[in-house]
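Single-structure report; data block below.
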């Protein structure tokens with residue numbers, strides 16, 4: 237699953253949705269580190285700013301936690317949005 241350049245949905249929203257689904261499905265487990273910005277850039281063919289905006293959205297929603305100097309991790313399941 238990757239972003240669709242022809243889809244009118246902003247790329248950062250598509251990327252956030254992809255990562256959200258990976259978390260929900262168990263592909264990315266609670267407390268697991270997410271792929272780096274550069275890995276996500278290469279995997280999805282998007283700019284660094286797109287990756288950062290997607291990661292920011294996931295953090296604001298409660299899906300991820302960023303630890304300075306260590307990376308971004310999947311938040312504990314109890315922190316995930318309900319519904």
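In the numbering used here, the protein residues as written are 237 to 319. Cβ coordinates follow ideal geometry from the N, Cα and C atoms, glycine included. Model, not experiment: these values are computed from the prediction.
Continuous alpha helix (DSSP H) stretch holding residue 287: start and end: Position 51 of the chain shown holds residue 287. Residues 284–297.
Residue 267 to residue 259 span [Cα, whole Å]: Counting from one through the chain shown, the residue named residue 267 turns up at place 31. Counting from one through the chain shown, the residue named residue 259 turns up at place 23. About 11 Å.
Same chain, Cβ closer than 8 Å to residue 196, neighbours up to 5 away in sequence not counted: Here the chain has residues from 237 to 319 only, and residue 196 is not among them.
Where the alpha helix (DSSP H) through residue 315 begins and ends: As a working note, residue 315 is residue 79 in the chain shown. That residue, residue 315, is in no alpha helix (DSSP H); it is neither H nor E in DSSP.
For residue 254, the nearest candidate out of 244, 287, 312 (CA to CA): Looking up residue 254 in the chain shown gives position 18. Here the closest residue by C-alpha is 287.
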